[in-house]
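Visitor:
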Amino acid sequence: MRTDMILHLGLLFCLGAAAAPTSSHNNDMQHPLLTENKNTIIIESSNHKQILVPGHNDAFYGPIPKAQQIFDIEFLEIAPSPILVNKYFFILLRGEIPPSTRQKLHLEPSDVANATLSITLSAVLEEGNRKQEARTYTIPLRTAELAEEAHLGIRNATGAYVDYLTLKGRNDILTDNWIPGPFVETGTWTFEIVASLTKDKNEVCLFALTLTQWLEGDGGW
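Residue numbering for the sequence shown is -19 to -1, 1 to 202, as defined by mature numbering (1 follows the signal peptide of the UniProt record, and there is no 0).
1) Taking all protein chains shown into account, do 16 or more other C-beta atoms lie within 10 angstroms of the C-beta of Ala128, making it buried, or fewer, making it exposed?
2) Here's a check: name, in chain order, each residue in its chain whose Cβ is nearer than 6 Å to the Cβ of Leu98, leaving out the five neighbours to either side.
3) Between the alpha carbons of Cys186 and Gln50, how many angstroms are there, rounded?
4) Give me, in chain order, the residues of the same chain whose beta-carbon lies closer than 8 Å to that of Val105; leave out the 5 immediate sequence neighbours on both sides.
5) Go through its chain and collect everything with a Cβ distance to Arg116's Cβ below 8 Å, but skip five positions before and after it.
6) From Asp144, Lys149 and Val165, pick the residue whose C-alpha is nearest to that of Leu155; which is it?
7) I'd like to confirm the pairing. Which residues does DSSP put opposite Ile174 in its beta bridges?
8) Helix, strand or coil: which one does DSSP assign to Phe164?
9) Relative to the alpha-carbon of Leu73, which residue among Ser81, Ile59 and Leu86 has its alpha-carbon at the smallest distance?
10) If I'm right that Val66 touches Ile160 with Cβ under 8 Å, what's the distance once you round it to whole angstroms?
11) To the nearest angstrom, how far is the alpha carbon of Lys182 from that of Glu107?
12) Thr139 lies in the alpha helix (DSSP H); which residues open and close that run?
13) Report the partner residues of Pro63 according to the DSSP bridge assignment.
14) On the DSSP letters alone, give me the boundaries of the alpha helix (DSSP H) that Thr82 sits inside.
15) Please state the DSSP three-state secondary structure of Asp92.
The following block contains the structure:
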């Protein structure tokens, strides 16, 4: 798969959480225990605990724990879900940095203006159970056209598009893209998205989300 296509695919595929239940091809989570506490849904298996991201999606918080993330996610919408190759899909992530967190960290507009988005993708391929080694790409977390068919947009609480996240009020992060089948090998793909900023030389996690799902591709790297 071309590097630029991997980048766009990874970014737009997964603004979502920590290793999702996906299909009959993924047997990592058998007989899970599901509990609900206020607006938090937790799935526990024999090996680990996963917290679902609210909204219509198959995503979980992670790889950085939810408690260490400062962007409070209201919901994550992915349509269609699961995502299909050779078709457009759309993602909306809504949330905000709570005022108490903003004040505690003494955040300034310049801090969020320089925020980044790191995308790590890996796969267990269907043919021969081969594994695709993880690759990580980092881009600015800003409104941008990533390609003719791939866009990242940020809106403030009034609905106006802005260059980067706002510190006051909610933010909408929107993406649209499509995954071309000829560039994808069939298998179980995992996308980890970590948004972060640097404050006083310390890295601060905005949000960290992971999505795992089966993709039927027509080609390969």
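Just so you know, even glycine gets a beta-carbon here, dropped at the ideal spot from N, CA and C.
Guide: In this structure, then:
1) Around the beta carbon of Ala128, fewer than 16 other beta carbons lie within 10 angstroms, which makes this residue exposed.
2) The answer, listed in chain order, is Ile120, Leu122 and Ala176.
3) Taking the straight line joining both Cα atoms gives about 5 Å.
4) Cβ neighbours of Val105 beyond the five flanking positions: Arg111, Lys112, Gln113, Gly168 and Thr169.
5) Within the same chain, and ignoring the five residues on either side of Arg116 in sequence, the residues whose Cβ sits closer than 8 Å to its Cβ are Ile(-14), Thr101, Leu102 and Ser103.
6) Out of Asp144, Lys149 and Val165, Asp144 has the C-alpha closest to the C-alpha of Leu155.
7) Here Ile174 is bridged, per DSSP, to Ile100 and Leu190.
8) Helix at Phe164.
9) Among Ser81, Ile59 and Leu86, the Cα nearest to that of Leu73 belongs to Ile59.
10) The Cβ separation is near 5 Å, so the contact holds.
11) One C-alpha to the other measures close to 42 Å.
12) Where Thr139 is concerned, there is no enclosing alpha helix (DSSP H), given that its DSSP letter is neither H nor E.
13) Under the DSSP definition of a beta bridge, Pro63 lacks any partner.
14) Segment Pro80 to Leu86, the alpha helix (DSSP H) holding Thr82.
15) Asp92: helix per DSSP, three-state reduction.
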